[in-house]
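Chemist:
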Amino acid sequence: MNVLKNEILNLLKENSSLAGVNIGSVLERPPDRTKGDYALACFSLGKALKQPPNKIAEEIASRLKPSGLIASIRAEGGYVNFRADPVKLLPLVIKQIIADKEKYGTSSVGEGKTIIIDYSSPNIAKPMGIGHLRSTVIGNALYKIFSELGYKCIGINYLGDWGTQFGMLIADYKENKEKYSEFNSAFLSERYVAFNERAKTQPELLEKAREEFKKLESMDSENMEIWNRFRALSIKEFQHIYKLIGVGFDDYSGESAVTNIHEVIALIENKGLCEISEGALIVNLEGYKTLPCLLKKSDGATLYAARDIAAAIGRHDKYKFHKSIYVVGADQKLHFRQFFKVLELMGYDWAKDCVHVEFGLVRLSGEKMSTRQGKTIMLEEVLNEAINKSKQIIEERPKELSDKTASVNTEEIAKAVGIGAIIFNDLKNKRTRDVDFNWEHILSFDGESGPYLQYTHTRLASLLEKAKHAGYNTENSLPVKTELLAADEEISLAKLLNEFPETLEKSAENYEPSILSNYLLELSSVFNRFYRFHKVINDSDKDLSNARIALVRSLKYVMAKGLRLLGINPLEKM
Ligand code: ARG
1035 MNVLKNEILN LLKENSSLAG VNIGSVLERP PDRTKGDYAL ACFSLGKALK
1085 QPPNKIAEEI ASRLKPSGLI ASIRAEGGYV NFRADPVKLL PLVIKQIIAD
1135 KEKYGTSSVG EGKTIIIDYS SPNIAKPMGI GHLRSTVIGN ALYKIFSELG
1185 YKCIGINYLG DWGTQFGMLI ADYKENKEKY SEFNSAFLSE RYVAFNERAK
1235 TQPELLEKAR EEFKKLESMD SENMEIWNRF RALSIKEFQH IYKLIGVGFD
1285 DYSGESAVTN IHEVIALIEN KGLCEISEGA LIVNLEGYKT LPCLLKKSDG
1335 ATLYAARDIA AAIGRHDKYK FHKSIYVVGA DQKLHFRQFF KVLELMGYDW
1385 AKDCVHVEFG LVRLSGEKMS TRQGKTIMLE EVLNEAINKS KQIIEERPKE
1435 LSDKTASVNT EEIAKAVGIG AIIFNDLKNK RTRDVDFNWE HILSFDGESG
1485 PYLQYTHTRL ASLLEKAKHA GYNTENSLPV KTELLAADEE ISLAKLLNEF
1535 PETLEKSAEN YEPSILSNYL LELSSVFNRF YRFHKVINDS DKDLSNARIA
1585 LVRSLKYVMA KGLRLLGINP LEKM
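Residue numbering for the sequence shown follows this note's numbering, beginning at 1035 and increasing consecutively.
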């Protein structure tokens, strides 16, 4: 727990008229840091206390006396602003981090709770899309952040590996075996598109596809074997990508593994929730101003929503989850609203613990980047291009930026920088916002980018390396005279470091890795400002050097951990 915030909370609990108010939720970090380090927003309290917010703020401020870590308390425009006493806060923060090392920020708030994270979940027989990459990256970051807070995470890759489209592919395969001598997922998706095209003038093809899917659903061995080949090939391609970006899953059970589906559909029917509409089995959600949830087609084939309902029930039976989150594009909002509602109507109170963690599109110079329609963008090519471009940039950089003396492995560095750049681009903005895919911004070393953070981390590393060579103890220089760290940037850095643990908590609470990524950007920018104006190693002032080395050491722990939690591999050298 943040020591400063804790003291403010205690002070408020003991000395204000806020009994019964969840103070933690109204105590925030003011956007304008010149106002204070924490601010109590009195606006939402106004109603309950029947007073204007500025009056409440003044009242509270007048009752409180600064003490301990708190240097000043002032009311301003409906806020009570609290400011820390840096002389007291700094040594606490630095001591804590040097003692905890990479464990700083780790907590046990989630102990005993399971979080299911459904992420990536691409569709087989199609190349993985750029949207699935975004899901993979966001889901992976959330997995790591929640795990760091003590939750048990189960990462599920819910492959889209079932549905009538496989009836079409099997029908096509059986008629055109010679064309399938060697193939990849891009080929399969082209065949699928072409089949649909042909079916427009030859509707009997659809009948054939339905039959093939029916046979697949009844486990016909020939169809199962064809389907299995398509599936295995797709998974192999996906795993190339997962390996490149360093992501794994606990469970690969996709839609085909949902075996309780007929049971669940019967249960929904027995609860009197179903209707037949144009031959299809649906749950009417008119009363909730929502389009109907489709369970079965008129030919009896089960649908996506029905499988998700059955899968959710299966997940709850198996894991008794605290939360079950679905990291899926905002274009599926309706689908999640529908099936969550059906779970609720079925009487499952845990339906409220299912969360659609939605995210925006990836746009290539303003257009939707898509693997459908015409131009297919192959993800693996995009990732390899990021690595190659990074390599070029690293090799062409001015001398002073690169460490040519050390044995640096350019391949490995280019991979960490290139992949890190792509990952960071997906995580730097609020997830619901669309992402602009722009190579120049993604790979820029001085913008708000992955390479910029990597570069800051290597700066921290090389500073410590230099200090070590100069004979300083860089691993544990304590005790140091932290009172010497009195420059604005130093105080800001210590305050930011103090906020790291709650940054992780907030990222988790809001399912929002961007809270962490923006924190790291802020940390980098303050450090780089500090570095511009101050010398860390200065032999004529060893005490100051030691104090600054301890600060840099602390920064490096937090920076490295933050990057790792986002799925980015921090580098020692570039
Ligand atoms: N395979 C789906 C798609 O690509 C995403 C699945 C997301 N997860 C889920 N439980 N529906 O659109």
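C-beta: ideal position from N, C-alpha, C; glycine also.
#1: Let me know the alpha helix (DSSP H) ranges lying completely inside the segment 1230-1302, each 4 residues or longer, listed in chain order.
#2: Closer than 8 Å: is that where the CB of Pro1156 sits relative to any heavy atom of the ligand ARG?
#3: Are the CB atoms of Arg1108 and Gly1070 within a distance shorter than 9 Å?
#4: If you check the beta carbons only, do Ala1594 and His1491 fall under 9 Å apart?
#5: With DSSP run on the structure shown, which of helix, strand or coil describes Lys1357?
#6: Grouping DSSP H, G and I as helix and E and B as strand, with all else coil, what is Asn1157?
#7: Hey, how far is the Cα of Val1114 from the Cα of Lys1084?
#8: In whole angstroms, give me the CA-to-CA distance for Thr1324 and Tyr1489.
#9: Can you look up Asn1115 in the DSSP assignment and give me helix, strand or coil?
#10: What is the C-beta distance between Leu1328 and Leu1337, in whole angstroms, given that I count them as a contact (C-beta under 8 Å)?
#11: Would you mind working out which of Leu1557, Tyr1591, Val1396, Phe1479 sits nearest Glu1430, comparing C-alpha positions?
#12: So, are the CB atoms of Ile1150 and Ser1358 less than 9 Å apart?
#13: Would you identify the three-state DSSP class for Arg1406, choosing helix, strand or coil?
#14: From the DSSP output, in three-state form, read off Ala1520 for me.
#15: Would you tell me roughly how many angstroms separate the C-alpha atoms of Gly1031 and Ser1558, rounded to the nearest one?
#16: Check Ala1073 in the structure and name its three-state DSSP category.
#17: Would you tell me roughly how many angstroms separate the C-alpha atoms of Ser1106 and Pro1065, rounded to the nearest one?
#18: Quick one: residues in its chain with C-beta nearer than 8 Å to the C-beta of Gln1407, no 5 flanking neighbours on either side, listed in chain order?
#19: Would you give the residue range spanned by the alpha helix (DSSP H) that Lys1039 belongs to?
#20: In the structure shown, what three-state DSSP assignment does Phe1217 receive?
#21: Tell me the DSSP bridge mates of Arg1108?
#22: Does DSSP put Tyr1591 in a helix, a strand or coil?
#23: Could you pull the DSSP bridge partners for Glu1414 from this structure?
#24: Mapping DSSP to helix, strand and coil, what is Lys1352?
#25: So, do the segment 1123-1141 and the segment 1553-1570 have three or more beta carbon pairs nearer to each other than 8 Å?
#26: Going by other Cβ atoms of all chains shown within 10 Å of its Cβ, with 16 needed for buried, is Phe1116 buried or exposed?
#27: Around the C-beta of Glu1041, are 16 or more other C-beta atoms found within 10 angstroms, so that it is buried, or is it exposed?
Modeler: Concretely, from the data shown:
#1: 1238-1251, 1255-1279
#2: Short note on Pro1156: C-beta closer than 8 Å to some heavy atom of the ligand ARG.
#3: Against a cut-off of 9 Å, the Cβ pair of Arg1108 and Gly1070 comes out as a contact.
#4: yes
#5: strand
#6: strand
#7: In a straight line, the C-alpha of Val1114 is about 17 Å away from that of Lys1084.
#8: 49 Å
#9: strand
#10: 5 Å
#11: Phe1479
#12: Cβ atoms of Ile1150 and Ser1358: closer than 9 Å.
#13: Unreliable placement is indicated for Arg1406, whose pLDDT of 45 sits below 50; the coordinate value is still reported in the next sentence. Coil.
#14: coil
#15: This structure does not reach residue 1031, given that the chain is present from 1035 up to 1608, and the question cannot be answered.
#16: strand
#17: 18 Å
#18: Note that Gln1407 scores 45 on pLDDT, short of 50, meaning its location in the model is unreliable; the coordinates nonetheless yield the value given after this. Short of 8 Å from the beta carbon of Gln1407, and not among the five residues preceding or following it, lies no beta carbon of its own chain.
#19: Unbroken alpha helix (DSSP H) run through Lys1039: 1037-1049.
#20: coil
#21: DSSP output for Arg1108 lists Asn1115 as bridge partner(s).
#22: helix
#23: Glu1414 is not bridged to any residue.
#24: Helix, per DSSP.
#25: At 8 Å Cβ cutoff, the stretches do not touch.
#26: buried
#27: Label assigned to Glu1041: buried.
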